[in-house]
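Shown next, in structure tokens, is the structure this report addresses.
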Amino acid sequence: MRVFSASVLLLATTFAAGCASTATCDACKNAQAVVASVAAQNPDCTRLSLHCSMDGGTRCCASTDAARVGKSSDKEDGEAMQTGRPIVLDEGGAFDVTVPIRAQAGRHMSTCGVTLKAAGMTREQAVAKATAIATSVEAGVKGCGDCCCK
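Position in the sequence shown (from 1) plus 1 gives the number in my numbering.
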């Protein structure tokens, strides 16, 4: 029993070391690189941000716009998390699509804000493209449970 308890303690300590902080973990440290890489692969994406629920609100934890990182998220980010549906804003020549990601126990823990050049794209096409981009970001930051940006 003592060996089992020590093993469980060692495993818990190892997991906690990677995710101990309330603001970061290994996946979160990598989130900025993931966002930059995904944005670079999608030239019609003019801004890409990852927002996570934390401290009773939502914050931007990675973005192609460095000024947004660490700041409170916009209203639509929280709304997309709550409803589980994309929110689309028309920004004159661009679509800002907020896609809910990282569902856990039936609740979304994060959103991916994807701003795309409109350039002949319909609203539905923008949502489809933004959803594909958000799925790539989600796949890239997976691996640290719910601690990323929390």
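Here a beta-carbon is modelled for each residue, glycine too, at the ideal position from N, C-alpha and C.
Consult DSSP for residue i and reduce its assignment to one of helix, strand or coil.
i	result
Ser74	coil
Gly79	helix
Thr65	coil
Ala131	helix
Lys143	coil
Gln42	coil
Arg48	strand
Ala104	strand
Arg60	strand
Ala119	coil
Going by CA-CA distance only, name the one from the options that's closest to residue i.
i	options	result
Lys72	Ala81, Gln83, Met82, Ser54	Ser54
Ile88	Gly121, Arg108, Thr132	Thr132
Glu80	Phe96, Arg108, Thr65	Arg108
Lys76	Val39, Thr136, Gly114	Gly114
Asn31	Ala129, Ala63, Gln126	Ala63
Gly85	Met110, Pro101, Val70	Pro101
Thr123	Val39, Glu139, Gly93	Gly93
Ser74	Gln83, Val138, Arg60	Arg60
Ala140	Gly121, Ser111, Ala120	Ser111
Classify residue i: buried if its beta carbon has 16 or more other beta carbons within 10 angstroms, exposed otherwise.
i	result
Leu90	exposed
Gly57	exposed
Pro44	exposed
Ala127	buried
Glu125	exposed
Measuring CB to CB, does residue i end up less than 8 Å from residue j?
i	j	result
Val142	Leu49	no
Asp78	Thr99	yes
Ala95	Lys118	yes
Val70	Ser137	no
Kindly indicate if chain B contains any beta-carbon less than 8 Å away from that of residue i.
i	result
Ala106	Considering every chain present, this structure includes no chain B. It has just one protein chain.
Going by beta carbon distance, what residues of the same chain come within less than 7 Å of residue i, once the five residues before and after it are set aside?
i	result
Ala37	Thr65
Ala68	none
Ala135	Val100, Ile102, Cys113, Val115
With a threshold of 6 Å on Cβ separation, who are the neighbours of residue i within its own chain once the five nearest residues in sequence on each side are excluded?
i	result
Asp97	Leu90, Thr116
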